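Chains as they are written, first to last, in the numbering used here: chain A, 1 to 261; chain B, 262 to 522. Worksheet for the structure shown next.
Number of protein chains: 2
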Amino acid sequence: MNQEERPRYLRIADELAARIAKGELREGDKLPSIPQLTRDYGVSANTAQAVIRTLVSDGLAVAKSGSGTYVRKRAQVRQLVRSWNRNARGGSPFAGEMATQGRIGSWDYDSRTAQAPAEVRERLGLDEPSGDEPDVVRTDYVFRGDGEPVMLSTAWEPLAITRGTPIVLPEDGPHAGQGVVERMRQIGINVTHAAEAVSARPATAGEARQLDIAAGAILLTITRTYYADTQPVETAHILIPTDQYQVVYGTSIWDEPPPAD
Amino acid sequence: MNQEERPRYLRIADELAARIAKGELREGDKLPSIPQLTRDYGVSANTAQAVIRTLVSDGLAVAKSGSGTYVRKRAQVRQLVRSWNRNARGGSPFAGEMATQGRIGSWDYDSRTAQAPAEVRERLGLDEPSGDEPDVVRTDYVFRGDGEPVMLSTAWEPLAITRGTPIVLPEDGPHAGQGVVERMRQIGINVTHAAEAVSARPATAGEARQLDIAAGAILLTITRTYYADTQPVETAHILIPTDQYQVVYGTSIWDEPPPAD
DNA sequence: TCGAATTTGTGCGTATGTATC
DNA sequence: GGATACATACGCACAAATTCG
């Protein structure tokens, strides 16, 4: 039946993608609507819909319900500097970062006690869970710059460390929003170092919605853990869309320890 | 009609995703089939199909036509530590990194003089090019662990710095393969700091072939620049497949080395 | 302000192809 | 070959959002 091996909706999507790559369709241009595609290619509305869905999930287009589907505009790439020097006293690290870009940082959050998932449990060095007993405070963040979402984060802090202290809720109390290093210092814990594991993957539908990006757009994933000596005191997942932000790590060479053994 | 605001297929996908996260469904387990979903949730096959499609495109499951849909197995992810402490004297940084994993590091390279592209030109602070005059040494690398490609890199060094010195070719002469910091030290240049800008994008066909990965797999892209005070002395593009490697940045709040593991 | 037209999003039912077991 | 299951594709309907007269 099919002369070509590739499915119909993919071939149509390819053709539109090629027209975008060629510059025939430019950023912001309107793509053919679903009824248009059914006429142009003699396919059903359902198949035309699959074409749209493919282009959107490949990040080439954005669909606006009730309006149309448009060639995606690529945002200007900004930089997020991840430097520990910046985590100085007072003020939020994120707000500081945004301020250097001349933008206003803000964030929503939602804290609750919970039982840590296995992966987090391992990173924090927690024992086996006992029943349904919560053992961490989990906080979900949406960080914004000038009101636009720029970063998602989920942080876990062991209740074994913070239970009964004034900083048990990261975004509540006198030291709210000042960052982990400063907050831990308030309860006598000196955060000595941190590690960030960086990877990347496509955004899930839910993440795409929260970040207001195309489904399937690529996210940098950072897994950060703070340590007080050998004791992990906080770990977090951080999600950053790569089409808007680069993450910059910088450091000095002359701080290096004596020659390796 | 909908009591809930989220579409039916997303709610079902969420439920399955939650069961995966909770460990109720483990890697390799079979998910409910489409007919099963239609019975369990009273939806049409079309909607059940949308559930599967969502889980697959979110990377949680793999669909095997004729067999079933299974919870995705995550390949074992190795870590590449990008720590400046490790750039100690003697030996190659990459070989050292591989050695800590019990693997043998090796690399192919190809050096030539060239005129730097605009983007590199900017990062190195080079003047406008004069005619066809080459102004950098460009070196392309394929790094391997136990013979398998794990990383691609392209490095540029200004001829204005290295011309006429014994280290003009990075992989030739007495200090070959010892890393930029050590090589520059041989000609009296003290590399003081570095910056790495991290992002990610799908692999091109050529990159996929060189790295022996699927076309379109996601690559971490690192743009690294070494500085001697304010003078850039080398810059490089580094490409790392995310399904095999994570990149770990560690540093200390008090200038201590990062945690052992 | 209202309503009609357009467009995407979701969902139903059905049929066929094709891969796996 | 037969049963099962995913993939593609048709037809239809309605909801929700947007646009525009």
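Glycine residues also receive a C-beta, built at the ideal position from the N, C-alpha and C atoms. Everything numeric in this text was worked out from a predicted model, so none of it was measured.
- Counting only the Cα atoms, L387 of chain B lies some 28 Å from L480 of chain B.
- For A360 of chain B, the closest Cβ of chain A is not nearer than 8 Å.
- Sixteen is the threshold: when 16 or more other Cβ atoms of the shown chains lie within 10 Å of the Cβ of I428 of chain B, as they do, the residue is buried.
- Taking C-beta separations shorter than 8 Å and ignoring five residues to either side along the sequence, the partners of A195 of chain A in its chain run R224, T225 and Y227, following chain order.
- If you check each beta-carbon in the stretch 444–465 of chain B against every beta-carbon of chain A, the ones closer than 9 Å belong to N451, V452, T453, H454, A455, A456, E457, A458, V459, S460, A461, R462 and P463.
- Residue environment: A458 of chain B is assigned as buried (16 or more neighbouring CB atoms within 10 Å of its CB, all protein chains considered).
- Straight across, the Cα-Cα distance linking R138 of chain A with V120 of chain A is about 11 Å.
- In summary, the residues of the stretch 315–328 of chain B whose CB is separated from some CB of chain A by less than 9 Å are T315, S318, D319, G320 and L321, in the order they occur in the chain.
- For I273 of chain B, the nearest beta carbon of chain A is not closer than 8 Å to its own beta carbon.
- Around the beta-carbon of Q297 of chain B, fewer than 16 other beta-carbon atoms lie within 10 Å, marking it exposed.
- By the Cβ rule, the stretch 197–208 of chain A counts as touching the stretch 499–512 of chain B, because three or more pairs are nearer than 8 Å.
- Non-local beta-carbon contacts of R53 of chain A in its own chain, meaning distances under 7 Å to residues more than five positions away in sequence, are absent.
- With respect to chain A, the C-beta atom of G366 of chain B has no partner C-beta closer than 8 Å.
- Residue-level contact check: Q337 of chain B does not touch chain A, since none of the beta carbons of chain A fall below 8 Å from its beta carbon.
- For chain B, the residues of the stretch 109–138 of chain A that bring a beta carbon within less than 9 Å of one of its beta carbons are P117 and A118, in chain order.
- For S57 of chain A, the enclosing alpha helix (DSSP H) stretches over residues A45 to S57.
- Distance from the Cα of P502 of chain B is smallest, within the candidate group B:D490, B:V494 and B:T482, for B:T482.
- Counted as a single uninterrupted DSSP element, the beta strand (DSSP E) harbouring R78 of chain A occupies residues R78 to V81.
- I483 of chain B is bridged by DSSP to B:V459 and B:I499.
- Taking the C-beta atoms as reference points, V136 of chain A is found no nearer than 8 Å to R144 of chain A.
- Along the stretch 488–509 of chain B, going in chain order, the ones with a CB nearer than 7 Å to a CB of chain A are T503, Q507, V508 and V509.
- Distances from the alpha-carbon of S130 of chain A to those of A:D140, A:R123 and A:A116 put A:A116 closest.
- Contacts with chain B (Cβ-Cβ distance below 8 Å) from the stretch 154–181 of chain A involve V181, listed in chain order.
- Restricting attention to alpha helix (DSSP H) runs no shorter than 4 residues, the stretch 363–390 of chain B encloses them at 379–385, ordered along the chain.
- The secondary-structure analysis by DSSP pairs G250 of chain A across a beta bridge with B:A456.
- If you check the CB distance, V332 of chain B and E276 of chain B do not come in under 8 Å.
- At least 8 Å separates the beta-carbon of S67 of chain A from that of G177 of chain A.
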